[in-house]
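Encoded as structure tokens, the structure appears first; notes follow it.
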Amino acid sequence: MEETQGGLGVQTEAVETDFSLIDDERLRREAWVRAIAPVYETQIHKMASVPRTVSFRSWKLGHVLFNHMRASAQAVERTRSQIATQGVDHVVLRLYTSGRTGIDTADGEAEIPRGGVVVFDLAQRARSVTHEMEGLNLALPRRLFDARVGELSAQHLRIFDQEGAPLIRLLSDHMHNVWKSIDGLDAWQRTLVSSATVALCNAALTPTSDSAHNRPAVAAIEIRQFIEANLGRSDLGVEMLCARFGLSRTPVYALFEADGGVVTYIRNRRLARAMRMLSGVEEGPSRISGVAYACGYENLKSFSKAFHSRYGVNPREIDVGHRIDAHRESGATLMSWIREL
């Protein structure tokens, strides 16, 4: 069915069953099973309830089918008979946002972490058991995937964790934002969002060993972001970066050669943060010693010496008049990242 939002002429193709309007739980259970039936056979324990809060809504988004679901306890299965009779050649990427779900794999049942993304090849059997869950689904024709992704059938039931996987996090954030905005998109916007979604799916599933997105520039940006987030740690250095990103010293040194080396880069970023704090651009401790510690320095003397060497003034001399210097430091970081793209 097609819906019009608020008389504004915004058309969104959406299919939904409003389970909150079904008073009889038996009928609500039957309606839920029918809603899922096009893709999965559903089994709900006779003692389990299907509350009014369950939700299953799907949108057509260009060449992508987008779906939000909130399910109660159930077992769902993609059966061999469905595969044989439907003959679809699609792949589903499901983001699990809450709840507990386990899927049957060749190695036994695997529990999906919150925020995990699972690949389902609809040409293969799959079974999962959930103890209430909420998630977002993307269904895409196999033909939309780039050759660099490889054989998608081999990715069936693969669980992607967001930890240490920036492109999976990016895809997850994108799915959340699409869900929040999809009802307000016009036809042209839906086309653009569909293209962006397909591109992100390709980027996220392309193996890191053969990825156009796995260039040293991406690694450099990730490492710089990590440094910026950990400037307050006195042990921040080459050893920590090597351990965190699984690199030897040589590639880490190479990434920061143009910045005067890793040690110099970290020192300059610490001093830049201190400048922002002292000049009031960024919130920080009121005492200079507190700023020093917050920026990774273990004592005030070494901080003051480094600060004076960098800026030509002592930390106690900084006031709001130095805000322009603080903003310039922030802009330098951004430009450094842009050059690395």
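For the sequence shown, the tail end lands on 351 under this note's numbering, and the numbers increase by one without skipping. Cβ coordinates follow ideal geometry from the N, Cα and C atoms, glycine included. Every value quoted in this text rests on a predicted model; they were computed, and no experiment measured them.
At a cut-off of 7 Å, would you count I192 as near the ligand ZN, judging by its Cβ distance to the nearest heavy atom?
For the structure depicted, the ligand ZN is absent and the ligand set is empty, with no information on it obtainable.
Which two residues bound the contiguous beta strand (DSSP E) that contains V101?
Here residue 101 corresponds to residue number 91 of the sequence shown, with the count starting at 1. Its beta strand (DSSP E) spans residues H100 to T115.
Rounded to whole angstroms, how far is the Cβ of Q111 from the Cβ of S138, which I believe are closer than 8 Å?
As a first step, residue 111 is located in the sequence shown; it is residue number 101 there, counting from the start. As a first step, residue 138 is located in the sequence shown; it is residue number 128 there, counting from the start. The sequence given here places Thr at residue 111; Gln does not occur at that position. Between S138 and T111 the Cβ distance is about 6 Å, and since that is below 8 Å, they are a contact.
First and last residue of the beta strand (DSSP E) that includes E138?
For the purposes of this step, residue 138 is taken as residue 128 along the sequence shown, with counting starting at 1. Reading off the sequence, residue 138 comes out as Ser, not Glu. It spans A136 to P151 - the beta strand (DSSP E) in which S138 sits, taken as one unbroken run.
Is the Cβ-Cβ distance between V101 and F130 less than 8 Å?
Working through the sequence shown from its first residue, we reach residue 101 at position 91. Working through the sequence shown from its first residue, we reach residue 130 at position 120. Taking 8 Å as the Cβ cut-off, V101 and F130 qualify as a contacting pair.
By the 10 Å Cβ neighbour count, where 16 or more other Cβ atoms means buried, how is V74 classified, buried or exposed?
Translated into positions along the sequence shown, residue 74 becomes position 64. With 16 or more Cβ atoms within 10 Å of its Cβ, V74 is classed as buried.
Can you grab the Cα-Cα spacing for the pair Y7 / M79, in whole Å?
What the structure shows of the chain is the stretch from 11 to 351, and residue 7 is not part of that stretch, so it cannot be assessed.
Check T63 in the structure and name its three-state DSSP category.
Stepping through the sequence shown from its first residue, residue 63 is reached at position 53. In this structure, T63 counts as coil in the three-state DSSP scheme.
Just checking my contact of L132 with V98 at CB under 8 Å: how many whole Å lie between their CB atoms?
Sequence index remark: in the sequence shown, residue 132 carries index 122 (1-based). Sequence index remark: in the sequence shown, residue 98 carries index 88 (1-based). Correct: roughly 5 Å between the Cβ atoms.
Select from T260, V301, K70 and L167 the residue whose C-alpha is nearest the C-alpha of A197.
Residue numbering aside, residue 197 sits at position 187 when the sequence shown is read from its first letter. Nearest C-alpha to A197: K70.
For A164, which residues from the same chain have a beta carbon less than 7 Å from its beta carbon, with the 5 sequence-adjacent residues on both sides left out?
As a working mapping, residue 164 is identified with position 154 in the sequence shown. Once the five neighbours on either side are set aside, A164 has no close Cβ partner at all.
For P123 and E327, what's the separation of their Cα atoms in angstroms?
Your numbering for residue 123 matches position 113 in the sequence shown. Your numbering for residue 327 matches position 317 in the sequence shown. Each residue's Cα considered, the two are about 50 Å apart.
In this structure, how does DSSP classify V128 when only helix, strand and coil are distinguished?
Along the sequence shown, one-based indexing puts residue 128 at 118. The answer is strand: DSSP assigns V128 an E or B state.
Taking contact to mean at least 3 C-beta pairs separated by less than 8 Å, is the region 271 to 287 in contact with the region 235 to 244?
A contact exists between the region 271 to 287 and the region 235 to 244.
If I measure Cβ to Cβ from P295 and keep anything under 8 Å in the same chain, skipping five residues before and after, which residues do I get?
What you label residue 295 is simply residue 285 of the sequence shown in a count that begins at 1. Excluding residues within five positions, the ones whose Cβ falls inside 8 Å are M287, V301, Y303 and A304.
Three or more C-beta pairs under 8 Å: does that hold for the region 207 to 216 against the region 168 to 187?
Cβ pair count under 8 Å is three or more, so yes.
Thinking C-alpha only, which one of W42, D33, F255 and Q172 is nearest E26?
The sequence position of residue 26 within the sequence shown is 16, counting from 1. Among W42, D33, F255 and Q172, the Cα nearest to that of E26 is on W42.
Can you find the residues in the same chain that come closer than 6 Å, C-beta to C-beta, to I46, ignoring five residues on each side of it along the sequence?
Looking up residue 46 in the sequence shown gives position 36. Closer than 6 Å at the Cβ level, and outside the excluded window around I46, lie T52.
Let me check understanding here. Comparing Cα to Cα, which of N147, H166 and A209 lies closest to H186?
In the sequence shown, residue 186 corresponds to position 176, counting from 1. When only C-alpha atoms are compared, the closest one is N147.
By DSSP, does Q84 sit in helix, in strand, or in coil?
Here the question's residue 84 lines up with position 74 in the sequence shown. Correct three-state label for Q84: strand.
Buried or exposed: V64, going by 16 or more other Cβ atoms within 10 Å of its Cβ?
In the sequence shown, counting from the first residue as 1, residue 64 sits at position 54. With 16 or more Cβ atoms within 10 Å of its Cβ, V64 is classed as buried.
If you draw a straight line from the C-alpha of Q134 to the C-alpha of G118, how long is it?
Walking along the sequence shown from the start, residue 134 turns up at place 124. Walking along the sequence shown from the start, residue 118 turns up at place 108. Those two C-alpha atoms are separated by around 16 Å.
Do you know how far the Cα of D183 is from the Cα of G322?
The count along the sequence shown starts at 1 and reaches residue 322 at position 312. The count along the sequence shown starts at 1 and reaches residue 183 at position 173. Going by the C-alpha atoms only, they are around 43 Å apart.
Ordered along the chain, which non-local residues of its own chain (more than five positions away) have a Cβ less than 8 Å from that of F170?
Residue 170 sits at position 160 when you count from the first residue of the sequence shown. Hits under 8 Å: G126, V127, V128, V129, I178 and A214.
Using a 10 Å radius around the Cβ and a threshold of 16 neighbouring Cβ atoms, would you call Y263 buried or exposed?
As a first step, residue 263 must be located in the sequence shown, where it is residue number 253. Counting Cβ neighbours within 10 Å, Y263 comes out exposed, since fewer than 16 surround it.
Applying the 10 Å Cβ sphere with the 16-neighbour rule, what's the burial state of S289?
The residue given as residue 289 occupies position 279 in the sequence shown. S289 comes out buried.
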